[in-house]
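Position 21 of the sequence shown, counting from 1, maps to 55 under our numbering, and the rest follow consecutively. Written out below as structure tokens is the structure these notes cover.
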Amino acid sequence: MHFLGNVALCFFVVVTAVFFLGVRYARHANQEDAYVTLHTRCINIALLALVAGVVSVRAFAWMKGGMRHDWLYFLHLSFVIPFAVLLILLRFKITGKSEYKAYHRPLAYMCLALYLGVLVTGFVVFLGLKN
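Structure (structure tokens):
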């Protein structure tokens, strides 16, 4: 596999690990402020790694001659677009400290479900395991 492909996979492993670590810290966020800080840091790292991973995948696809835009790619995008919008909203507008605090947890669980769809379809598209 090409170097950028390996870099992209590493970024997405980091995103997944840090994202779920942030979820773990969120469970204890009501008890201590230290967990809120850890949760915020994990989500910030996950966002940065996600951006780096997307740039790496796009560069990898460009160097390989482009991506095929078939039904699986559009299925992947149907998870990616709502996930990205929701993640940005949760990070910058609907935070656990804002006036929309009551909506943060249910939307975070929705974001987690969308991320699982992003992960499954993204790996299938990226690794070329589709029929």
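Yeah, the Cβ is synthetic: ideal placement off N, Cα and C, and Gly gets one too.
If only complete runs of 3 or more residues are kept, the segment 59–90 shows no beta strand (DSSP E) anywhere. Here I122 carries a helix assignment [DSSP, helix/strand/coil].
Taking C-beta atoms as the reference points, A93 and V48 fail to come closer than 9 Å. In the assembly as shown, V85 is an exposed residue. Its beta-carbon has fewer than 16 other beta-carbons within 10 Å. According to the DSSP assignment, H103 belongs to no alpha helix (DSSP H), since it is labelled neither H nor E. The residues C145, L148, Y149, V152, in chain order, have a CB closer than 7 Å to that of F117 in the same chain once the five nearest residues on each side in sequence are set aside. The closest CA to that of K127, considering only V114, L141, I115, is found on L141.
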